[in-house]
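*Asks:*
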Amino acid sequence: MGVIELDRPPATGALYRRAALGALPGFGRRGGDALPDVELMLRGVTVDRAHLATYDRVCGFRLADTLPATYPHILAFPLSMRLMSGPGFPFPVVGLVHVANRITVERPIDAGETLDLSVRAVDLRPHERGRQLDVVASAWASGELVWRGVSTYLRKEPTGGGERREPGERPAPPAASGQWRVAPRVGTDYAAVSGDHNPIHTSRLGARVFGFPRPIAHGMWSKARCLAALEGRLPDAYTVDVAFKLPILLPATVAFSATPTWDFALHDARSAKPHLSGTVR
Numbered sequence: 373m374g375v376i377e378l379d380r381p382p383a384t385g386a387l388y389r390r391a392a393l394g395a396l397p398g399f400g401r402r403g404g405d406a407l408p409d410v411e412l413m414l415r416g417v418t419v420d421r422a423h424l425a426t427y428d429r430v431c432g433f434r435l436a437d438t439l440p441a442t443y444p445h446i447l448a449f450p451l452s453m454r455l456m457s458g459p460g461f462p463f464p465v466v467g468l469v470h471v472a473n474r475i476t477v478e479r480p481i482d483a484g485e486t487l488d489l490s491v492r493a494v495d496l497r498p499h500e501r502g503r504q505l506d507v508v509a510s511a512w513a514s515g516e517l518v519w520r521g522v523s524t525y526l527r528k529e530p531t532g533g534g535e536r537r538e539p540g541e542r543p544a545p546p547a548a549s550g551q552w553r554v555a556p557r558v559g560t561d562y563a564a565v566s567g568d569h570n571p572i573h574t575s576r577l578g579a580r581v582f583g584f585p586r587p588i589a590h591g592m593w594s595k596a597r598c599l600a601a602l603e604g605r606l607p608d609a610y611t612v613d614v615a616f617k618l619p620i621l622l623p624a625t626v627a628f629s630a631t632p633t634w635d636f637a638l639h640d641a642r643s644a645k646p647h648l649s650g651t652v653r
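Numbering-wise (my numbering), the sequence shown opens with residue 373 and increments by one.
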């Protein structure tokens with residue numbers, strides 16, 4: 373695998389414009405059976421504390437000198453967008469569905485530390501509704517791996533190649549420990565602080581193009597909001613896995629639940645439809 377060293381974070385706005393153009397019929401590359409055999413690296417990344425404070429506010433974290441587990445994902449996101457919007461990537465990034473995310477925190481990361489970041493795409497594989505792949509982001513401090521995130525994306529296709537599962541009865545949601553009102557501005561606020569300006573989160577028209585009646589909350593916002601609810605109880609080193617279920621249509625009222633065994637979930641407070649399930653280990 374080749375390594376491309378960047379000298380500055382890519383501008384996500386320009387990348388999304390390129391990605392939107394690539395999603396139009398007749399533009400950009402379509403299809404393919406291989407992921408780009410390249411790793412993008414950006415060294416010497418520092419944290420803007422004002423930006424961190426804004427992120428904490430949008431996601432519900434307390435202001436602190438230790439980075440939330442989901443914050444390095446924000447730092448690495450421009451590299452992910454650069455990789456997925458590049459000419460060697462087989463699918464248009466606009467239209468990919470973020471279906472799961474795993475984060476491993478090796479130790480607490482202080483906001484004053486300088487980080488080296490890398491991103492690569494791996495494991496293109498069949499799924500019952502199309503194909504899946506993983507985008508792996510890593511962060512090092514002084515040569516030590518301190519964080520890793522794996523985002524799983526689904527490319528929906530007319531005929532998937534994976535084993536089809538029989539539909540089952542939806543289990544009853546766990547007892548809620550709290551309810552949150554998710555305001556319409558969550559989509560635009562999180563887009564502004566994360567750089568993820570996918571129109572399904574920020575525009576009613578953009579959401580309708582992809583089959584949603586109104587904008588939906590970012591999956592990584594919902595994961596961050598759940599971890600914020602567990603703040604103060606998490607260990608110094610852990611892995612947190614989430615599966616993104618049905619989208620949160622904005623505005624919404626959602627119910628959060630957590631168990632002593634570190635399972636947690638988010639579901640619609642009225643219909644009980646699941647939005648997210650996760651576990652910390």
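Note that CB positions come from ideal geometry on N, CA and C, so glycine has one too.
This one's a predicted model, so the numbers in the text were calculated from it and none came from an experiment.
Leaving out five residues before and five after Pro571 in sequence, what residues of the same chain have Cβ atoms less than 6 Å from its Cβ?
*Replies:* Counting from 1 along the sequence shown, the entry for residue 571 is found at position 199. Once the five neighbours on either side are set aside, the close Cβ partners of Pro571 are Gly578.
*Asks:* Whose C-beta lies closer than 6 Å to the C-beta of Pro382 among residues of the same chain, with five residues either side of it excluded?
*Replies:* Locating residue 382 in the sequence shown gives position 10, where the first residue counts as 1. Counting only Cβ-Cβ distances below 6 Å, and skipping sequence neighbours, we find Pro450, Arg454.
*Asks:* Could you pull the DSSP bridge partners for Glu411 from this structure?
*Replies:* To locate residue 411, count along the sequence shown from 1; it is residue 39. Note: Glu411 sits in a beta bridge opposite Val375.
*Asks:* Alpha carbon to alpha carbon, how far is Val469 from Phe584? Give it in angstroms, no decimals.
*Replies:* In the sequence shown, residue 584 corresponds to position 212, counting from 1. In the sequence shown, residue 469 corresponds to position 97, counting from 1. Taking the straight line joining both Cα atoms gives about 13 Å.
*Asks:* Less than 7 Å between the beta carbons of Gly662 and Thr384, yes or no?
*Replies:* Because the chain is modelled from 373 through 653, residue 662 falls outside the range shown and cannot be assessed.
*Asks:* Considering only C-alpha positions, which residue in the set Pro440, Ser575, Ala589, Lys617 is nearest to Leu599?
*Replies:* One-based indexing of the sequence shown puts residue 599 at position 227. Leu599 has its Cα closest to that of Pro440, out of Pro440, Ser575, Ala589, Lys617.
*Asks:* Please report how far the alpha carbon of Val410 lies from the alpha carbon of Ala609, in whole angstroms.
*Replies:* If you number the sequence shown from 1, residue 410 lands on position 38. If you number the sequence shown from 1, residue 609 lands on position 237. Going from the Cα of Val410 to the Cα of Ala609 covers about 29 Å.
*Asks:* Please confirm whether Leu327 and Leu526 have their CB atoms less than 7 Å apart.
*Replies:* The shown model of the chain, from 373 to 653, leaves out residue 327, and the question about it has no answer.
*Asks:* Please report the residue range of the beta strand (DSSP E) in which Arg580 lies.
*Replies:* By one-based count along the sequence shown, residue 580 stands at place 208. Here Arg580 belongs to no beta strand (DSSP E); instead the alpha helix (DSSP H) covers 576–581.
*Asks:* Smallest Cα separation from Val494: which of Ala509, Glu500, Gly484?
*Replies:* Position 122 of the sequence shown, counted from the first residue, corresponds to residue 494. Nearest option by C-alpha distance: Ala509.
*Asks:* Given 6 Å as the limit, tell me if Ser452 has its C-beta closer than that to any heavy atom belonging to the ligand SAH.
*Replies:* As far as ligands go, the structure on display features none, and thus does not contain the ligand SAH.
*Asks:* Could you please give me the residues that DSSP links to Val353 through a beta bridge?
*Replies:* With the chain represented from 373 up to 653, any question about residue 353 goes unanswered, as that position is not in the structure.
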